[in-house]
Each structure stands twice: as structure tokens, then as C-alpha cells.
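Engineer: Here our numbering runs 80 ahead of the position in the sequence shown, where the first position is 1. Okay, here's the structure, questions in a sec.
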Amino acid sequence: MSSEPSVLDPGSMARERTPGGLAYRRLGTGQALVLLHGGYGSWLHWRRNLPALARQRLVFVPDLPGYGESPDVAADISVDGYVELVATALQQMVGAGTQTD
Numbered sequence: 081m082s083s084e085p086s087v088l089d090p091g092s093m094a095r096e097r098t099p100g101g102l103a104y105r106r107l108g109t110g111q112a113l114v115l116l117h118g119g120y121g122s123w124l125h126w127r128r129n130l131p132a133l134a135r136q137r138l139v140f141v142p143d144l145p146g147y148g149e150s151p152d153v154a155a156d157i158s159v160d161g162y163v164e165l166v167a168t169a170l171q172q173m174v175g176a177g178t179q180t181d
């Protein structure tokens, strides 16, 4: 039986922020892997998967803008504006030009 926890303790990962304020967690080493939660919630949706994934990958789990610990967005933001905001934040998180899954 493995001594590794099957569910990640949320308190065990420090919150980081992009220059734009997007909150995220990072765990592991290797090629970057970004996990995005759905249209509600936070990075905690992935906490059961993180220990296994982080054994082979550098996993980034952000709170999308307006969710979890990330700042709210303007109520009138367009879909394109939201996508651009997320794309910029992802580049800031993992580094522009970094091979990412």
C-alpha cells in the first residue's frame, strides 16, 4: 500500500498569482500540464488527480477569472475578452513558448 495520499490536502500547496492576479497552484516536475476546471468551482476540482499526475508532470491548476481565489471580471466582458484574459494568464503561468498539454 502506498503512503502517498489519495487526495491532496489543499493546505499543502501555496497559492501563486500571475502578474494579472490569476490564482493558481503548481505541483510536480516535468513537462507542463494545465488543468482547467469547468464553468464554476476552482482548482480543487482536480485535487484527487494531482498526486498521481505530479509524479510525471509539472501540473498547473488555476482558478479561472471570476472563480475560486482569482479576481472577478467585469460583468460585461465578452467571450473573446475572457479567452484572451485566460490565454495571457496561462502564458504568464507556464512561460511563453513552453510546451504545454
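We treat Cβ as the ideally placed atom computed from N, Cα and C, and that holds for glycine. All values derive from a computational prediction rather than experimental measurement.
Return the chain-ordered list of same chain residues with a C-beta closer than 6 Å to the C-beta of L115, the five sequence neighbours on each side being excluded.
Structural biologist: The residues W126, V141, in chain order, have a CB closer than 6 Å to that of L115 in the same chain once the five nearest residues on each side in sequence are set aside.
Engineer: What is the C-beta distance between L107 and L130, in whole angstroms, given that I count them as a contact (C-beta under 8 Å)?
Structural biologist: 6 Å
Engineer: Can you name the start and end residues of the alpha helix (DSSP H) that G68 belongs to?
Structural biologist: Any answer about residue 68 is impossible in this case: the structure gives the chain only from 81 up to 181.
Engineer: Mapping DSSP to helix, strand and coil, what is T168?
Structural biologist: Residue state, collapsed to three classes: helix.
Engineer: Give every residue of the same chain whose Cβ lies closer than 7 Å to the Cβ of L170, excluding the five residues on either side of it in the sequence, and list them in chain order.
Structural biologist: V114
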